[in-house]
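Enquirer: Heads up, this note's numbering is the position in the sequence shown plus 14, with the first residue counted as 1.
Note that beta-carbon positions come from the ideal geometry of N, C-alpha and C, so glycine has one too.
All values derive from a computational prediction rather than experimental measurement.
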Amino acid sequence: MNYQLVISALLATSACAFGLSAGAQNVSPANMVRQDNAQIRQEQRDINQDRHDLNQDTRQLQQERRERDAIQRKEDRAIKRGDTQAAQRLEQRREHEQREINGEKREIAKDRAELRHDRREKAALVSQRNQAAARMH
Numbered sequence: 015m016n017y018q019l020v021i022s023a024l025l026a027t028s029a030c031a032f033g034l035s036a037g038a039q040n041v042s043p044a045n046m047v048r049q050d051n052a053q054i055r056q057e058q059r060d061i062n063q064d065r066h067d068l069n070q071d072t073r074q075l076q077q078e079r080r081e082r083d084a085i086q087r088k089e090d091r092a093i094k095r096g097d098t099q100a101a102q103r104l105e106q107r108r109e110h111e112q113r114e115i116n117g118e119k120r121e122i123a124k125d126r127a128e129l130r131h132d133r134r135e136k137a138a139l140v141s142q143r144n145q146a147a148a149r150m151h
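1) So, do the stretch 75–82 and the stretch 113–121 have three or more beta carbon pairs nearer to each other than 8 Å?
2) Could you tell me if E89 is buried or exposed, where buried requires 16 or more neighbouring beta carbons within 10 angstroms of its beta carbon?
3) By Cβ distance below 7 Å, which residues in the same chain neighbour A92 in space, the five residues on each side in sequence not counted?
4) Judging by CA-CA distance, which residue of S42, S141, D125, M150 is the nearest neighbour of D60?
5) Just verifying my parser: in three-state terms, what is the DSSP assignment at M150?
6) Whose C-beta lies closer than 8 Å to the C-beta of N5 among residues of the same chain, with five residues either side of it excluded?
7) Give the single residue among I122, N51, R107, A84 whose Cα lies nearest to the Cα of Q70.
8) Which residues mark the beginning and the end of the alpha helix (DSSP H) in which D97 is found?
Listed below in structure tokens is the structure:
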């Protein structure tokens, strides 16, 4: 019995999510296009925000790389002076920075993939809206 309730709840939720409820069937094509336009504009705002965040993350990654390179130069100077203890401490810091950089690179790659997906999704919405608008004429 609970199994049937869960399935019917999922079906009702998916029907609402896709605009297939009983009230949505009586919506005029012009209103559907307006709703699609609003959804497309929202998608574009989300894409712009994601792009902005991605650019900030990239700048932060560049800053972390500069810090890592500075630590490397300090480590090289310490080795040149013969200060092995300082060189070991700097090596540990540099390795820590490199691990952080690797994590940031993975996050940026995931964000880029998500942004590509969002752009494709928006393109599909625009295509769907254009087809619906063409049917109106």
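Expert: Taking the definition as stated:
1) Three or more Cβ pairs drawn from the stretch 75–82 and the stretch 113–121 lie within less than 8 Å of each other, which places the two stretches in contact.
2) Under this definition E89 is a buried residue.
3) Answer for A92: A100, A101, L104, listed in chain order.
4) Taking only the C-alpha atoms, the option nearest D60 is D125.
5) In the three-state DSSP reduction, M150 falls in the helix class (H, G or I).
6) Nothing can be reported for residue 5: it is not among the residues displayed for the chain, which extend from 15 to 151.
7) A check of alpha carbon separations from Q70 across I122, N51, R107, A84 identifies I122 as the nearest.
8) Element bounds for D97: n/a, residue is neither H nor E.
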